[in-house]
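Taking it in order: structure first as structure tokens, then the write-up.
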Amino acid sequence: MEISVDATNKPTNLQVKGEKMVTRKFGVEISNNRRTLGAINQKPGAQLYPCVVNKRALSQANGNNENNAVNQIHRPMTRKLAAQIANKKQCFPEDVLKPKPSPESFKVWEDVEDRPVPMSLETKKPQKDHMQEVEMEDILEEPVVDIDMADSKDPCAVVEYVQDLHSHYRRMESSGMVSPNYMLTQQSDINERMRAILIDWLVEVHHKFDLQHETLFLTVNLIDRFLARQSVARKKLQLVGLVAMLLACKYEEVSVPVVDDLIFISDKAYSRSEILEMEKLMLNTLEFNMSVPTPYVFLKRYLKAAQSESKLEQVSSFLMELCLVEYEMIKFSPSFLAAASVYTAQCSLYGLQQWSKTCEWHTNYSEDQLLECSRKIVGYQENASTGRLTGVYRKYNTSKFGYAAKCEPAKFIVDQTQQ
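With the first letter of the sequence shown counted as 1, position 406 gets the number 407 in my numbering; the numbers rise by one all the way through.
Here is the structure:
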């Protein structure tokens, strides 16, 4: 006898236990370990008994409607049927009585979100291994931090279009760069060493006047751009530096040094008229283009991406000003120089190579790209206190800058190349 039951209809004799719903058949609760009668009929030579339940969908039933099926399920067990079941248990050996998993086996349903799920498919949830969780966390990719979220209510941070600003800076930074060979092609009376002496002296002047950081970087940019276009005699080189600082002060500072101050610091080497004449020549040569992105513009952004504290800012500024003195560093773009300075400062302070995904995303430079420039910076840091050009070292070896010049250089970056 086959009974067809619609899978969507639930039997009426259900008993609720906690959150699970189990069926009772013939007044006896069916446990998970009970052998199904359908498995008995799968044994070759076994006789079919009318108590066997072959659960199929209603659409597959032959000649039985839904009402008859339900009535047959709820039909009470007769004594004859109970005796047949008892005799059958005695006829089969123990190995036959063991339940055999099959798709047709009778299953007890659990009510999970109103959708029946076979208990045979249920598995116990494995206990979470703590070590496994740690390993999974280690292989997770490092997220990119939104560095502007904290400044969303600060109008001066211009969070709405700060990304557009720096994208514009990246496009325009090449316009403020010069050829790394201009000293050979354009200048005949001055050389790289004279340029280094001039900038080292201007660092001290800048520190003495307590000017903004932007002023120093713009001063050096104006000097290089002017020397790349205009030949200058050796005796006029210091005048070029003074006028470049005067123009940078007019562009960046609120309180601008007067011409008499420049005459005084030059030990009256130039007159007032010479300074004003050079100012006009420089502006005309540069076509009054004073608004160019310098390394300091990118440095502030990259320090924010590095989630820096005061010490990292001071060491990064120290390393980047060391690069201003070196002529060979003008081949690097301002953004690249700023990123390399921050990376080298992190290595110096933390004693290991550290370049987060957030820094890489905001700078668009990977750690491998920065290594060459970083090794050069480490060399400048090692020799900062030796020789004649020690203006940057003495400036950052003060309490105002947290004695950033005393930070140990990251020599392990250079050692990796030598190995």
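Think of the CB as a built atom: it goes at the ideal place given N, C-alpha and C, for glycine as much as any other residue.
An exposed status is given to ARG194, since fewer than 16 other beta-carbon atoms sit within 10 Å of its beta-carbon.
For GLN213, the closest of ASP201, LEU185, ARG196, TYR252 by C-alpha to C-alpha distance is TYR252. Relative to TYR381, the option among LEU371, TYR394, ILE266, ASP369 whose CA is nearest is TYR394. Listed in chain order, the beta strand (DSSP E) runs fully inside the segment 317 to 380 amount to none, counting runs of at least 3 residues. In this structure, ALA234 is the residue among ASP149, ALA234, HIS207 with its C-alpha nearest to the C-alpha of GLN187. For CYS250, the enclosing alpha helix (DSSP H) stretches over residues 238 to 253. Assigned with DSSP and collapsed to three states, THR220 falls in helix. Contact check for ALA197 and GLU327: beta-carbon distance about 7 Å, within the 8 Å limit, so the pair qualifies.
Around PRO181, the same chain offers ILE331, LYS332 as residues with beta carbons nearer than 6 Å, after the five sequence neighbours per side are excluded. A distance below 8 Å between beta-carbons, with the five flanking residues on each side excluded, links ASP369 to no residue of its chain. Put simply, of VAL206, TYR404, ALA385, LEU350 the residue whose alpha carbon is nearest the alpha carbon of ILE264 is VAL206. Looking from the CA of GLU215, the closest CA among LYS236, ILE191, CYS250 belongs to CYS250.
Taking a contact to require three or more Cβ pairs closer than 8 Å, the segment 318 to 326 and the segment 392 to 409 qualify as touching.
About 5 Å separates the beta carbons of SER375 and ALA341, which is inside the 8 Å limit, making them a contact pair. If the five residues before and after VAL260 are omitted, its C-beta is found closer than 6 Å to the C-beta atoms of ARG273, ILE276, all from its own chain and listed in chain order. Each of MET150, ALA151, SER176, ASP149 was checked against the Cα of SER336, and the nearest Cα belongs to SER176. In the structure shown, the three-state DSSP call for VAL257 is coil. Annotated three-state conformation of TYR404 is coil, per DSSP.
Pairing LYS305 with LYS237, the inter-Cα distance amounts to about 40 Å.
Within the same chain, HIS207 come within 6 Å of LEU217 by CB-CB distance, once the 5 residues on both sides are set aside. Counting C-beta pairs closer than 8 Å gives fewer than three between the segment 278 to 285 and the segment 303 to 319, which falls short of the contact rule.
A contact between stretches requires three or more CB pairs, one per stretch, nearer than 8 Å, and the segment 288 to 300 fails this requirement with the segment 344 to 352.
Proximity to MET173 across ASN290, ASP211, GLU143 peaks at ASN290, based on C-alpha coordinates. By alpha-carbon distance to ALA385, the top candidate from TYR366, ILE414, CYS408, ASN365 is CYS408. Annotation for ASP201: the continuous alpha helix (DSSP H) segment containing it runs 193 to 209. In its chain, beyond the 5 residues on either side, VAL244, LEU247, LEU248 have a beta carbon closer than 8 Å to the beta carbon of GLU280. With fewer than 16 other CB atoms across the displayed protein chains lying within 10 angstroms of its CB, GLN308 is exposed.
Annotated three-state conformation of TYR271 is coil, per DSSP. For GLY403 and ASP225, the gap between their C-alpha atoms comes out near 30 Å. Rounded to the nearest angstrom, the gap between the Cα atoms of CYS157 and VAL163 is 10 Å. By a beta-carbon distance limit of 8 Å, THR359 contacts VAL145. Their separation comes to about 5 Å. Restricting attention to VAL415, SER267, TYR344, VAL298, the CA atom closest to the CA of GLU361 is found in TYR344. With contacts defined by Cβ atoms closer than 9 Å, TYR271 and LEU240 form a contacting pair.
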